[in-house]
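Worksheet for the structure shown next.
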Amino acid sequence: MSFPESNDQPQDNTNHELAAQKEQILKQILVPEARMRLNNIKMVKPELADLVEQYLIGMATQGKIPGQISDDQLKQILLSTQQPKRDFKFNRV
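Residue numbers (our numbering): 177 to 269.
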(Lines of atoms letter the chains of each structure in order from A and count residues from 1; the text may use other names and numbers.)
(Lines give C-alpha, C1' and ligand atoms only; values in the text may rest on other atoms or scores of the structure.)
Protein backbone atom coordinates (compact mmCIF):
# COMPACT_ATOMS: atom_id res chain seq x y z
CA MET A 1 0.00 0.00 0.00
CA SER A 2 1.45 3.35 -0.93
CA PHE A 3 0.64 6.74 0.49
CA PRO A 4 0.51 9.95 -1.52
CA GLU A 5 3.68 11.99 -1.26
CA SER A 6 1.75 15.23 -0.86
CA ASN A 7 1.25 14.43 2.85
CA ASP A 8 5.01 14.64 3.44
CA GLN A 9 5.32 18.12 1.97
CA PRO A 10 3.45 20.16 4.63
CA GLN A 11 5.28 18.40 7.47
CA ASP A 12 8.66 19.10 5.84
CA ASN A 13 7.71 22.77 5.43
CA THR A 14 6.62 22.96 9.06
CA ASN A 15 9.86 21.39 10.29
CA HIS A 16 11.86 23.74 8.09
CA GLU A 17 9.94 26.76 9.38
CA LEU A 18 10.43 25.71 13.00
CA ALA A 19 14.14 25.21 12.43
CA ALA A 20 14.38 28.64 10.79
CA GLN A 21 12.54 30.26 13.71
CA LYS A 22 14.83 28.51 16.19
CA GLU A 23 17.93 29.70 14.33
CA GLN A 24 16.58 33.26 14.21
CA ILE A 25 15.99 33.31 17.98
CA LEU A 26 19.46 31.88 18.63
CA LYS A 27 21.00 34.53 16.38
CA GLN A 28 19.32 37.21 18.46
CA ILE A 29 20.30 35.89 21.90
CA LEU A 30 23.83 34.54 21.29
CA VAL A 31 26.98 36.41 20.34
CA PRO A 32 28.75 34.93 17.26
CA GLU A 33 31.39 33.13 19.35
CA ALA A 34 28.71 31.45 21.46
CA ARG A 35 26.76 30.40 18.35
CA MET A 36 29.93 28.89 16.91
CA ARG A 37 30.56 26.98 20.15
CA LEU A 38 26.99 25.68 20.19
CA ASN A 39 27.29 24.56 16.55
CA ASN A 40 30.54 22.73 17.36
CA ILE A 41 28.87 20.98 20.26
CA LYS A 42 25.96 20.06 18.02
CA MET A 43 28.35 18.08 15.82
CA VAL A 44 29.78 16.12 18.76
CA LYS A 45 26.85 15.89 21.18
CA PRO A 46 23.60 16.73 19.38
CA GLU A 47 21.42 15.80 22.37
CA LEU A 48 23.28 18.23 24.64
CA ALA A 49 23.07 20.99 22.04
CA ASP A 50 19.32 20.42 21.62
CA LEU A 51 18.84 20.55 25.39
CA VAL A 52 20.74 23.84 25.66
CA GLU A 53 18.93 25.31 22.64
CA GLN A 54 15.54 24.47 24.15
CA TYR A 55 16.62 26.00 27.46
CA LEU A 56 17.85 29.20 25.80
CA ILE A 57 14.74 29.56 23.63
CA GLY A 58 12.51 29.00 26.64
CA MET A 59 14.36 31.65 28.63
CA ALA A 60 14.19 34.07 25.71
CA THR A 61 10.46 33.59 25.18
CA GLN A 62 9.86 34.22 28.88
CA GLY A 63 11.89 37.41 28.68
CA LYS A 64 14.49 36.24 31.19
CA ILE A 65 17.47 37.00 28.94
CA PRO A 66 18.19 40.76 29.11
CA GLY A 67 20.81 40.94 26.36
CA GLN A 68 22.94 38.61 24.34
CA ILE A 69 24.61 35.61 25.95
CA SER A 70 28.39 35.69 25.75
CA ASP A 71 30.64 32.72 25.13
CA ASP A 72 31.60 32.57 28.82
CA GLN A 73 27.94 32.57 29.87
CA LEU A 74 27.23 29.76 27.41
CA LYS A 75 30.13 27.77 28.87
CA GLN A 76 28.54 28.10 32.32
CA ILE A 77 25.17 26.94 30.97
CA LEU A 78 26.84 23.97 29.30
CA LEU A 79 28.65 23.01 32.49
CA SER A 80 25.44 23.19 34.50
CA THR A 81 23.50 20.99 32.04
CA GLN A 82 26.10 18.25 31.69
CA GLN A 83 25.79 15.27 33.95
CA PRO A 84 28.80 14.69 36.18
CA LYS A 85 31.22 12.05 35.00
CA ARG A 86 31.52 8.96 37.09
CA ASP A 87 34.93 7.67 38.07
CA PHE A 88 35.37 3.98 38.46
CA LYS A 89 38.21 2.54 40.42
CA PHE A 90 39.19 -1.09 40.13
CA ASN A 91 41.08 -2.77 42.96
CA ARG A 92 43.08 -5.67 41.71
CA VAL A 93 43.78 -8.46 44.10
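Glycine residues also receive a C-beta, built at the ideal position from the N, C-alpha and C atoms.
Spatial distance of residue i from residue j (CA atoms)
{"i": "F264", "j": "V220", "result": "24 Å"}
{"i": "T237", "j": "N267", "result": "51 Å"}
{"i": "K203", "j": "T190", "result": "20 Å"}
{"i": "I241", "j": "V269", "result": "55 Å"}
{"i": "K198", "j": "L255", "result": "22 Å"}
{"i": "Q244", "j": "H192", "result": "25 Å"}
{"i": "Q200", "j": "G234", "result": "14 Å"}
{"i": "L194", "j": "K261", "result": "33 Å"}
Boundaries (first-last residue) of the alpha helix (DSSP H) holding residue i
{"i": "P222", "result": "222-237"}
{"i": "S256", "result": "247-257"}
As assigned by DSSP and simplified to three states, the class of residue i
{"i": "I241", "result": "coil"}
With 16 other Cβ atoms within 10 Å as the buried cut-off, status of residue i
{"i": "L214", "result": "buried"}
{"i": "A210", "result": "buried"}
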